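Below is one structure, written out as structure tokens, with a few remarks after it.
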């Protein structure tokens, strides 16, 4: 007696499926396998699969004082696109789990009066600045600003924001212990953005408790070319500058501008 298996498909859908829970082994009813009536459970991504770091490459040129800063804003004014009012707050593990591996966690709040508040969480690591070109590993995403503010008030809450991939990565990859994260403080920054010669120039006025720092930044995949363009523009307009030697965070931690 022959059996037409096609007629059994509706019945086979009700045959129980037995799965042995294992990261690598799944046992299925062979009849259901033949007719494609099951789906393997999706494995949980490993920490390495969750990583989204990119190498951020930026030209960074320091301006000596407010006069140079104001002059640059003036000559660039026809190219102005927007202004950001930023508040940056930084965190480490209570046992220096991040800083001991040249990393830092940052919450950046955008506080523009004409726009809703925003918060960006960033994990930065292994920053290097050579001849005015900065390279740093960066992983970032947007975070609900109300949650971000709660974490500033109580840094230990950073360990319990399950919806944030970056915070989960920081906690797991750097082995944050029972004492969680601690706040390091921060600073405010006013960033004027310009669309100039096909690139985005960012002119920063960074306000520390110990002084004000002025800098031009430009992210690019061709940093040497862009650096030459910016240097030529500054020289043409007789604006003094020098290559930045430290990140804004490094200056903040040092507690002095020079």
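Residue numbers (my numbering): 1 to 258.
Where a beta carbon is used, it is the ideal one built from N, C-alpha and C, also for glycine.
Just so you know, these numbers come straight off a predicted model, no measurement behind them.
Rounded to the nearest angstrom, how far is the Cβ of residue i from that of residue j, given a contact under 8 Å?
i           : j           : result
residue 218 : residue 234 : The Cβ separation is near 12 Å, so there is no contact.
residue 226 : residue 199 : 6 Å
residue 86  : residue 110 : 6 Å
residue 72  : residue 244 : Between residue 244 and residue 72 the Cβ distance is about 15 Å, and since that is not below 8 Å, they are no contact.
residue 191 : residue 69  : Not really, about 12 Å apart at Cβ, beyond 8 Å.
residue 208 : residue 187 : 5 Å
residue 57  : residue 135 : 5 Å
residue 123 : residue 144 : Contact doesn't hold; Cβ gap of about 17 Å is too wide.
residue 248 : residue 213 : 7 Å
residue 152 : residue 185 : So it is not a contact: roughly 10 Å between Cβ atoms.
Going by the DSSP bridge assignment, what does residue i pair with across the sheet?
i           : result
residue 70  : Residue 70 pairs with nothing; no bridge assigned.
residue 61  : 216, 243
residue 82  : 193
residue 160 : DSSP lists no partner for residue 160.
residue 202 : 193, 217
residue 75  : In DSSP, residue 75 forms no bridge with anything.
residue 249 : None, per the DSSP bridge assignment.
residue 107 : 89, 121
residue 56  : 136
So the beta strand (DSSP E) residue i belongs to, where does it begin and stop?
i           : result
residue 140 : 133 to 143
residue 115 : Residue 115 -> no beta strand (DSSP E), and no H or E assigned at all.
residue 209 : It is not in any beta strand (DSSP E) - residue 209 carries neither H nor E in the DSSP assignment.
Give the DSSP-derived three-state secondary structure of residue i in the structure shown.
i           : result
residue 96  : coil
residue 148 : helix
residue 168 : helix
residue 178 : coil
residue 257 : coil
residue 122 : strand
residue 12  : Bear in mind that the predicted position of residue 12 carries a pLDDT of just 46, short of 50, making it unreliable; the figure below should be weighed with that in mind. Note: residue 12 maps to helix in three-state DSSP.
residue 101 : helix
Starting from residue i, follow the alpha helix (DSSP H) in both directions and report where the run begins and ends.
i           : result
residue 235 : 223 to 236
Decide if residue i is buried, meaning its Cβ has at least 16 other Cβ atoms within 10 Å, or exposed.
i           : result
residue 160 : exposed
residue 64  : exposed
residue 204 : buried
residue 224 : exposed
residue 88  : buried
residue 158 : buried
residue 240 : exposed
residue 132 : buried
residue 91  : buried
residue 189 : buried
residue 55  : exposed
residue 250 : exposed
residue 102 : exposed
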